[in-house]
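Novice: Heads up, the sequence shown is in my numbering, so the first residue is 1121 and it goes up one at a time. In this text, a Cβ means the ideal position worked out from N, Cα and C, and glycines have one as well.
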Amino acid sequence: MNIIKLIKNILRNLKFTMSNIPKKAITISYPEERKNLPDRLRIGTFGLTSNKDTGEENCIACKLCERICPSNIIDIEIEKRDGRGFAKKFFLDLQSCIQCELCVQICPVDAIIMMKVPASPVTLRSDLYLTKTKMMNNAIKYEESWAKGSILQKSFKPAPKEVEENA
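1) I'd like the span of the alpha helix (DSSP H) that includes residue 1206, first residue to last.
2) In the DSSP assignment, the beta strand (DSSP E) including residue 1186 goes from what residue to what residue?
3) Hey, could you find the ends of the alpha helix (DSSP H) residue 1222 is sitting in?
4) With distances taken between CB atoms, is the gap from residue 1147 to residue 1262 smaller than 9 angstroms?
5) Return the CA-CA distance between residue 1160 and residue 1237, expressed in angstroms with no decimal places.
6) What does residue 1168 pair with, by DSSP beta-bridge criteria?
7) May I have the straight-line CA-CA distance separating residue 1249 from residue 1140, to the nearest angstrom?
8) Check residue 1160 in the structure and name its three-state DSSP category.
9) Identify which residue in 1272, 1162 and 1183 has its Cα closest to the Cα of residue 1198.
10) Within 10 angstroms of the Cβ of residue 1176, are there 16 or more other Cβ atoms? Answer buried if so, exposed if not.
11) Please say whether residue 1218 and residue 1190 have beta carbons closer to each other than 9 angstroms?
12) Confirm, please, whether the CB-CB distance from residue 1225 to residue 1269 is below 9 angstroms.
13) Give the C-beta separation of residue 1169 and residue 1259 to the nearest angstrom, bearing in mind that I take them to be a contact with Cβ-Cβ under 8 angstroms.
14) Am I right that residue 1216 and residue 1194 are in contact with their C-beta atoms under 8 angstroms? What's the rounded C-beta distance?
15) Could you tell me the alpha carbon to alpha carbon distance between residue 1233 and residue 1158, rounded to whole angstroms?
16) Measuring alpha carbon to alpha carbon, tell me which residue in 1171, 1200, 1130 and 1145 is nearest residue 1181.
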C-alpha cells in the first residue's frame, strides 16, 4: 500500500517537473541585466532636497517627519537663521526603517524624498546611518521616486460632506 502511494507521488512530481521544462527561464544575469522595478516600489534610500537656485536646503526643521515616524529613527536638531528654521543635524537610521514613507508624505516642503535606487548591501553598520550630508548627496546622485509630499497630500482628498435635504 505504501509502495503504491510512493509511486503515485513520484509520478505526480515527475509530471510537474516535465510540464515546466519547456517554459522560458526567468533568471537574469544580474550585473549585466536588471529588472525594471515598479515606479511605486518603496525600497532604497532617502534624500534631502535643496533649492536649485540658492543651494539652500529645503528642510525647515518642522520635525513633522520625526514625530510621525513609527520606528523613531529620525533625529533632527533645529537651527534658526534669518527667521527660518534649518536642520542643523538630520539623522536617519536605515537599518530600522520600515519604508512606510510617512515622513515623505507629511513633509510640507518636499524636503525629504525617497530615491529610486534599490538599497545596496553594506559591510559596515555605519553605512546604514544617513546624515544630512549623505542625504543631500543622495538627492543629487540618484533619481527621485515618484512620491513627494505635495503629490501624496493632493491624492488624499477628504470625503465629501453629506448634503442634508429639507423635505
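Specialist: With the structure as the only source:
1) Residue 1206 -> not in any alpha helix (DSSP H); beta strand (DSSP E) instead, spanning 1204 to 1213.
2) For residue 1186, no beta strand (DSSP E) run applies; the uninterrupted alpha helix (DSSP H) run containing it begins and ends at 1184 to 1188, by DSSP.
3) Where residue 1222 is concerned, the enclosing alpha helix (DSSP H) stretches over 1222 to 1226.
4) At least 9 angstroms separates the beta-carbon of residue 1147 from that of residue 1262.
5) 12 angstroms
6) 1232
7) 44 angstroms
8) Here residue 1160 sits in coil by DSSP.
9) Nearest C-alpha to residue 1198: 1183.
10) exposed
11) yes
12) yes
13) 5 angstroms
14) That pair is no contact at about 10 angstroms.
15) 17 angstroms
16) Closest in C-alpha terms to residue 1181, from the list 1171, 1200, 1130 and 1145, comes 1200.
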